[in-house]
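Trainee: Quick note: the sequence shown uses the working numbering, first residue 675, plus one each step. The structure is given below, and queries will be raised subsequently.
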Amino acid sequence: MIAPSKTDRERVIPMSAELFHVIASIIRRHTQAGRSIPLLSRFDPHDKVWSGQLPFLFQRRIGSTDRVISGGTVLNMIKRRCDELAEQHPGFRTTRFTPHDFRRIFATELVNSGLPIHIGAALLGHLNIQTTRGYVAVFDEDIVRHYVAFLDHRRELRPIEEYREATSEEWDEFDEHFDKRKVELGSCGRPYGTPCQHEHACIRCPMLHVNPKMLARLDELETDLLDRRTRAQAEGWAGEIEGIDMTLTFLRAKRDDTQRRTNRPAVDLGMPPIPAAPKEAR
């Protein structure tokens with residue numbers, strides 16, 4: 675099913691057989707006697723404008739006039755359903771839903787059921803996956819349960835012989851990897867067993883974690899880059915200027931982030947108390 679969204683982009687909306695039956699019933703009701711779905715305009719209370727003529731599915735006839743069902747009417751419909759449910763489920767007595775709440779519930783159910791969040795973002799029509807994260811409610815017990823299930827599933831896929839004690843050579847290789855992650859400006863956060871993918875251009879690398887002690891060194895590098903940029907402008911080296919500007923952008927972003935972390939106050943969590951030894955039974 676293709677539907678235009680609020681961003682004026684067409685996207686695919688998969689439907690279950692039950693939902694498709696409901697939508698088909700609405701369309702059949704609007705197209706009785708061989709007519710097409712009436713084209714109506716809807717007033718947007720937020721932007722204070724009228725929409726163009728569109729075949730709104732959620733419309734009804736009042737007297738001899740077709741009108742789009744308003745948001746307030748939908749809220750009242752949901753409230754009446756909650757009041758009916760409250761007769762058997764008292765928890766619904768004080769519950770109030772908006773149509774957008776069901777969108778959030780849908781997103782939470784998708785992700786908590788194992789669907790990758792980027793697929794959920796595509797279903798919801800989000801251009802930014804961070805928007806989808808804001809829709810999903812995550813609870814501590816869900817984090818632990820899904821993480822344990824993920825580990826168990828990964829172990830089932832790996833050969834049994836991989837779960838053994840590491841040899842001394844493997845430990846040496848492991849230590850060597852972390853030794854190579856130590857660079858002039860701080861440390862590299864690349865995963866174990868992976869080489870440097872940025873040809874040691876650490877300033878541009880998102881994996882670089884700058885040591886706060888090296889902030890003065892960043893200032894020196896910035897001064898040198900500005901001198902090089904002045905020379906490149908004088909010589910007309912357009913490509914060199916573009917590269918220097920990019921490096922300056924990364925350098926300043928890393929410096930700002932490091933300064934924020936440096937100024938962040940440290941929190942003393944203290945030491946957990948040692949439980950007293952149980953007294954021996956007499």
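We treat Cβ as the ideally placed atom computed from N, Cα and C, and that holds for glycine. Since the structure is predicted, the reported quantities are computational estimates derived from the model, not experimental observations.
Use the C-beta contact count for A908: other C-beta atoms within 10 angstroms, 16 or more gives buried, fewer gives exposed.
Mentor: When all chains shown are included, A908 counts as exposed.
Trainee: Within 10 angstroms of the Cβ of L900, are there 16 or more other Cβ atoms? Answer buried if so, exposed if not.
Mentor: Its Cβ having fewer than 16 others within 10 Å, L900 is exposed.
Trainee: Evaluate contact between the stretch 800-808 and the stretch 768-777, counting only Cβ atoms and requiring at least three cross-stretch pairs below 8 Å.
Mentor: Output reads no: the stretch 768-777 does not touch the stretch 800-808.
Trainee: Closer than 7 Å by C-beta to I752: which residues in its own chain qualify, once you throw out the five before and the five after it? Chain order, please.
Mentor: Here the set comprises F771.
Trainee: Among all the DSSP beta bridges, which residues are the ones paired with A861?
Mentor: Residue identity differs from the one stated: residue 861 is Ser in this sequence, not Ala. Paired residues: K856, H883.
Trainee: Apart from the five residues just before and just after D740, which ones in its own chain have a Cβ nearer than 8 Å to its Cβ?
Mentor: For D740, where only same-chain residues beyond five positions count, the Cβ hits under 8 Å are P712, L714, Q733, R734.
Trainee: Contact defined as beta carbons within less than 8 Å: I believe L892 pairs with R929. What is the distance between those atoms, to the nearest angstrom?
Mentor: Yes, L892 and R929 are in contact; Cβ-Cβ is about 5 Å, under 8 Å.
Trainee: So which of G863, R905, H874 has the shortest CA-CA distance to N885?
Mentor: Taking only the C-alpha atoms, the option nearest N885 is G863.
Trainee: At what residues does the alpha helix (DSSP H) containing R703 begin and finish?
Mentor: 691-704 is the span of the alpha helix (DSSP H), which, as asked, contains R703.
Trainee: Going straight from the alpha carbon of D718 to that of H792, what length do you get?
Mentor: So the alpha carbons of these two residues sit roughly 30 Å apart.
Trainee: Please report how far the alpha carbon of W845 lies from the alpha carbon of E692, in whole angstroms.
Mentor: Straight-line Cα distance between these residues: approximately 56 Å.
Trainee: May I ask which residues mark the beginning and end of the beta strand (DSSP E) holding R741?
Mentor: Start and end: 739-742.
Trainee: Which stretch, first to last residue, makes up the alpha helix (DSSP H) that contains Q907?
Mentor: Segment 889-909, the alpha helix (DSSP H) holding Q907.
Trainee: Report, in whole angstroms, the separation of the C-beta atoms of G799 and R685, which I expect to be a contact under 8 Å.
Mentor: That pair is a contact at about 5 Å.
Trainee: With which residues is L714 paired in a DSSP beta bridge?
Mentor: Partner(s): L728.
Trainee: Classify M675 as helix, strand or coil using the three-state DSSP reduction.
Mentor: Model confidence at M675 stands at a pLDDT of 49, short of 50, so the residue's coordinates are unreliable; what they give is reported in the following sentence. M675: coil per DSSP, three-state reduction.
Trainee: I need the straight-line Cα distance from T768 to Q762, nearest angstrom please.
Mentor: Each residue's Cα considered, the two are about 13 Å apart.
Trainee: Between R878 and T921, which are expected to be in contact by the criterion C-beta below 8 Å, what is the C-beta distance as a whole number of angstroms?
Mentor: Yes, they are in contact, since the Cβ atoms of R878 and T921 sit about 6 Å apart, within 8 Å.
Trainee: For Q733, which of helix, strand or coil comes out of DSSP?
Mentor: Strand.
Trainee: Under three-state DSSP, which class holds V723?
Mentor: It is a strand residue.
Trainee: Nearest chain D C-beta to T705 closer than 9 Å, yes or no?
Mentor: No chain D appears in the structure shown, which is made up of a single protein chain.
Trainee: For L889 and L825, what's the separation of their Cα atoms in angstroms?
Mentor: Rounded to whole angstroms, L889 to L825 spans 39 Å at the Cα level.
Trainee: DSSP has R832 in a bridge; who is on the other side?
Mentor: According to DSSP, which records beta bridges pairwise, R832 is partnered with nothing at all.
Trainee: Is the beta carbon of V810 sitting closer than 9 Å to the one on G788?
Mentor: No, the pair does not count as a contact, with Cβ atoms beyond the cut-off.
Trainee: Does V822 come out as helix, strand or coil in the three-state DSSP assignment?
Mentor: In the structure shown, V822 sits in a helix (DSSP, three-state: H, G or I).
Trainee: H704 and L731: beta carbons closer than 9 Å?
Mentor: The answer is yes: Cβ separation under 9 Å.
Trainee: So D919 is in the alpha helix (DSSP H); what residue range does that whole segment cover?
Mentor: Per DSSP, D919 belongs to the alpha helix (DSSP H) from 912-937.
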